[in-house]
Amino acid sequence: MLPQKSFVRRLNPLSSTFMFSILPVFSRQLIESFTTLELNSLSASQVWPAYSSTFPLDSADYVKLVQSATKTGNLIYGKLVHGHMVKNSFRPCLFLENNLLNMYCKCGDIHSADKLFDKMPKPNIITYNSLISGYIQMGILEKAMILFDQARRHGLKLDKFTCAGALTACSKNGDLSVGKMVHGLILVSGLGSQVVLINSLIDMYSKCGQVDHARILFDYSDNLDGVSWNSLIAGYAQNGKYEELLIILEKMHQSGLALNTYTLGSALKACSSNFNGSKQFGTMLHSLAIKLGLHLDVVVGTALLDMYAKTGSLDDAIQIFDQVLDKNVVMYNAMMAGLLQQETIEDKCAYKALGLFFEMKSCGVKPSMFTYSSLLKACITVEVFEFAKQIHALIFKNGLQSDEYIGSVLIDFYSLLGSMKDALSCFNSIHNLTIVPMTAMIVGYLQNGEFEIALALFYELLASEEKPDEFILSTILGACANMGMLRSGEQIQGYATKTGILKFKIFQNSQIFMYAKSGDLYSANLTFQQMENPDVVSWSTMICSAAQHGHAMKAFRFFELMKSSGIEPNDFAFLGVLIACSHRGLVEEGLRYFDTMKKDYNMTSHVKHCACVVDLLGRAGRLVDAESIILCSGFEHEPVMWRALLSACLIHKDTFTAQRVAEKVIELEPLTSASYVLLHNIYMDAGNKSEALKVRKLMEARRIKKEPGLSWIEVGDNVYSFVSGDRSHKNSELIYAQLDDMLAKTKSLGLVNDIFDYKMEHEYMALQDIVYAAS
Numbered sequence: 001m002l003p004q005k006s007f008v009r010r011l012n013p014l015s016s017t018f019m020f021s022i023l024p025v026f027s028r029q030l031i032e033s034f035t036t037l038e039l040n041s042l043s044a045s046q047v048w049p050a051y052s053s054t055f056p057l058d059s060a061d062y063v064k065l066v067q068s069a070t071k072t073g074n075l076i077y078g079k080l081v082h083g084h085m086v087k088n089s090f091r092p093c094l095f096l097e098n099n100l101l102n103m104y105c106k107c108g109d110i111h112s113a114d115k116l117f118d119k120m121p122k123p124n125i126i127t128y129n130s131l132i133s134g135y136i137q138m139g140i141l142e143k144a145m146i147l148f149d150q151a152r153r154h155g156l157k158l159d160k161f162t163c164a165g166a167l168t169a170c171s172k173n174g175d176l177s178v179g180k181m182v183h184g185l186i187l188v189s190g191l192g193s194q195v196v197l198i199n200s201l202i203d204m205y206s207k208c209g210q211v212d213h214a215r216i217l218f219d220y221s222d223n224l225d226g227v228s229w230n231s232l233i234a235g236y237a238q239n240g241k242y243e244e245l246l247i248i249l250e251k252m253h254q255s256g257l258a259l260n261t262y263t264l265g266s267a268l269k270a271c272s273s274n275f276n277g278s279k280q281f282g283t284m285l286h287s288l289a290i291k292l293g294l295h296l297d298v299v300v301g302t303a304l305l306d307m308y309a310k311t312g313s314l315d316d317a318i319q320i321f322d323q324v325l326d327k328n329v330v331m332y333n334a335m336m337a338g339l340l341q342q343e344t345i346e347d348k349c350a351y352k353a354l355g356l357f358f359e360m361k362s363c364g365v366k367p368s369m370f371t372y373s374s375l376l377k378a379c380i381t382v383e384v385f386e387f388a389k390q391i392h393a394l395i396f397k398n399g400l401q402s403d404e405y406i407g408s409v410l411i412d413f414y415s416l417l418g419s420m421k422d423a424l425s426c427f428n429s430i431h432n433l434t435i436v437p438m439t440a441m442i443v444g445y446l447q448n449g450e451f452e453i454a455l456a457l458f459y460e461l462l463a464s465e466e467k468p469d470e471f472i473l474s475t476i477l478g479a480c481a482n483m484g485m486l487r488s489g490e491q492i493q494g495y496a497t498k499t500g501i502l503k504f505k506i507f508q509n510s511q512i513f514m515y516a517k518s519g520d521l522y523s524a525n526l527t528f529q530q531m532e533n534p535d536v537v538s539w540s541t542m543i544c545s546a547a548q549h550g551h552a553m554k555a556f557r558f559f560e561l562m563k564s565s566g567i568e569p570n571d572f573a574f575l576g577v578l579i580a581c582s583h584r585g586l587v588e589e590g591l592r593y594f595d596t597m598k599k600d601y602n603m604t605s606h607v608k609h610c611a612c613v614v615d616l617l618g619r620a621g622r623l624v625d626a627e628s629i630i631l632c633s634g635f636e637h638e639p640v641m642w643r644a645l646l647s648a649c650l651i652h653k654d655t656f657t658a659q660r661v662a663e664k665v666i667e668l669e670p671l672t673s674a675s676y677v678l679l680h681n682i683y684m685d686a687g688n689k690s691e692a693l694k695v696r697k698l699m700e701a702r703r704i705k706k707e708p709g710l711s712w713i714e715v716g717d718n719v720y721s722f723v724s725g726d727r728s729h730k731n732s733e734l735i736y737a738q739l740d741d742m743l744a745k746t747k748s749l750g751l752v753n754d755i756f757d758y759k760m761e762h763e764y765m766a767l768q769d770i771v772y773a774a775s
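So the sequence shown is residues 1 to 775, counted in full-length UniProt numbering.
Next comes the structure, spelled out in structure tokens:
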């Protein structure tokens, strides 16, 4: 008897796939009546009561229903079947229980699978295999291994699926010691010839960093298939042994095994590493992919695109991208990364990356976290900051802001804008505060001159479970150098020595900089001498350090030694020797180095190099030549060039030129106080107090105030910062009393004149440092 139409219409949806899966249970007439109705108006939760009392089910029926739910991944249907059993007091057999357990595991409901497993009186090895697989699928690797050990202790005969599950858990955990024990158990159990276990062992050894062990196993195994070859190829790719990978690939091809998308993808990934001959191999693989008809496959196409982009053939990468029709988000991300991974990102590439985002949206491809991070990078390149904020809104809308990776990119973005309040808001939104976002936040504070907060966050990082790497330690050393905190720098060096980070060259270079900036040239030189193979950064740091401390001849010596060591100087090395020439007044030598940089090394001079040459000529009194350098350099709109000339005018008391140059600087930077102060000082030195007073009044009219100098002092475990006139310290009355006494003695020696407020401010700040230290 068929159900009434009015009853059926009250029901909600049940998919046609599921309805046909219960064909063996119901009569053909009943199923046809269900399928003739609008299925969108049916409800699975109300179907069961309708037929539960009319149509009794046996074990075979239940098995088919559970297997159908497993196949379609519909957890709610599987639970309905299980509920039907419970309601009808049906006692399932072990086979049906295993099917139910497998359904819960495959549908991701590991909690229900656990409860069912605990109630099973006599689970067999199939039961354990299903639950171990479910744990691995959910990433609960420790429980999977506990269950594996439990099955072994209960005397169950382990099969290839049990051991394969354990090996998968070991490979994902990187647990080589347990993996080796499982390997021994496989050999003792006589399962060593099983190809599925050979493949799992190859994968385990490769992912645990022992690809040579995987190769030995591969060479001495008789039962191999295509998966074995692909596993070894993937292992070589994961461990960076790309040349061995290509040799294995060649042998696989010679053995007659068909290369699939997985094989070609791993091989092309190897060619993306840019080793010797990688591009040639990549081109050969591209030809092979065309021959096999796989070049338009999205996996192979993405690997080809990535290979060409990373080997410098961006046009070929774009061509590959345009050829593949069925693009997915991975391919779009690879193309964006290719456009943005160049050392100097061109604006057209950044705009093309932004255009790909709109293409993705129009094609219905959902962006990933990597997409958004690439978009932010492109926005920063072309300085479309408002669009970047819109990207942030999309990130927030999609609930991705709490992710540590995307949150770190947002911190970098707002730090670059100087908006540390927004950066801190992004930082606080991240749920899992690992070293990546903490490093981004520390670097952001350092970039914006907030050294104290950066250092406090670094100490918080040290107190957490996360351990800093060589990059963050080198960055913090740079902060200690800028703050003149030699003792803190030495403590970080001690931590680096203890953790083994001291051996990294990036840290050693920062250590040289820290000691040099703090005035300890002996320790800087000692660190340099202890380096095994100093690179161009090491040499450049030593050259610049010597130059800035007035040791010009030592800077020249380092420069010549660097060249004789076979290391080609970079732009910082030339900047160092130009500074040395400027400080010693070696005009001809400086001009020769400046000319050598362009002619012999084909380097483009930057604004800092040209400013050094202007300073060099200006100090020597060649103000006309210095101005001609500015006008011919292409940097005539850079204020730093004119400020260098203005300082030279102050030295040589050229009031006429100074006035013209100062007006130029004020035109370029109307809101910066430094130019007004310099011009004021020139008028005061020349005795023209009326003009100096006009400059002061102009500053007042434009509401320009001289930015107060900020000083730091380290007392005990604390770092104090203060500005001129700061009275926030608890002993401020005592400090200023001592300071006034020192200034009175200074005046009695004739060392203070009428322009103290401008010329002696830095000395005044230095005295404050001394008094703070004494307090």
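Just so it is clear, CB atoms sit at the ideal spot from N, CA and C, and this is done for glycine as well.
So, at 7 Å on beta carbons, what are the nonlocal neighbours of residue i in its own chain, with the 5 sequence-adjacent residues on each side left out?
| i | result |
| --- | --- |
| residue 794 | There is no way to answer for residue 794, as the model of the chain reaches only from 1 to 775. |
| residue 82 | 100 |
| residue 593 | 574, 577, 578 and 581 |
| residue 237 | 245, 266, 269 and 270 |
| residue 614 | 626, 629, 630, 641, 644 and 645 |
| residue 506 | 470, 471 and 474 |
| residue 696 | 680 |
| residue 839 | Limits of the chain in this structure are 1 at one end and 775 at the other, which puts residue 839 out of reach. |
Rank the options by C-alpha distance to the C-alpha of residue i and give the top, closest one.
| i | options | result |
| --- | --- | --- |
| residue 163 | 130, 111 and 301 | 130 |
| residue 563 | 387, 539 and 545 | 539 |
| residue 273 | 673, 243, 252 and 259 | 243 |
| residue 168 | 143, 204, 138 and 196 | 204 |
| residue 579 | 552, 414 and 605 | 552 |
| residue 70 | 104, 94 and 97 | 104 |
| residue 796 | 439, 465, 504 and 503 | Nothing in the structure corresponds to residue 796, since the chain is present only between 1 and 775. |
| residue 171 | 281, 389 and 206 | 206 |
| residue 85 | 66, 435, 647 and 530 | 66 |
| residue 548 | 650, 612 and 295 | 612 |
| residue 223 | 235, 239 and 197 | 197 |
| residue 569 | 550, 217, 589 and 544 | 544 |
| residue 225 | 600, 253, 463 and 528 | 253 |
| residue 251 | 624, 396, 498 and 219 | 219 |
Any idea if residue i is buried or exposed, counting beta-carbon neighbours within 10 angstroms, 16 or more meaning buried?
| i | result |
| --- | --- |
| residue 146 | exposed |
| residue 584 | buried |
| residue 136 | buried |
| residue 270 | buried |
| residue 314 | buried |
| residue 692 | buried |
| residue 393 | exposed |
| residue 327 | buried |
| residue 513 | buried |
| residue 53 | The pLDDT assigned to residue 53 is 45, lower than 50, so where the model puts this residue is not dependable; a value taken from the coordinates is nonetheless given after this. Its Cβ having fewer than 16 others within 10 Å, residue 53 is exposed. |
| residue 541 | buried |
How is residue i classed by DSSP in three states: helix, strand or coil?
| i | result |
| --- | --- |
| residue 557 | helix |
| residue 382 | helix |
| residue 635 | coil |
| residue 656 | helix |
| residue 458 | helix |
| residue 667 | helix |
| residue 733 | helix |
| residue 784 | No answer is possible for residue 784: it lies beyond the span of the chain, which begins at 1 and ends at 775. |
| residue 311 | coil |
| residue 415 | helix |
| residue 365 | coil |
| residue 604 | coil |
| residue 500 | coil |
Within the same chain, show all residues whose beta-carbon is closer than 8 Å to that of residue i, passing over the 5 residues directly before and after it, in chain order.
| i | result |
| --- | --- |
| residue 587 | 581, 616, 617, 620 and 622 |
| residue 669 | 639 and 675 |
Mind checking whether the beta-carbon of residue i lies closer than 7 Å to any heavy atom of the ligand GDP?
| i | result |
| --- | --- |
| residue 196 | The model depicted lacks the ligand GDP and carries no ligand whatsoever. |
Using a beta-carbon distance below 8 Å, is residue i in contact with chain B?
| i | result |
| --- | --- |
| residue 544 | As a matter of chain content, chain B is missing from the structure shown, which is built from one protein chain. |
Margin query: Restricting to runs no shorter than 3 residues, where is the beta strand (DSSP E) found entirely within the stretch 68-123?
Written below: none
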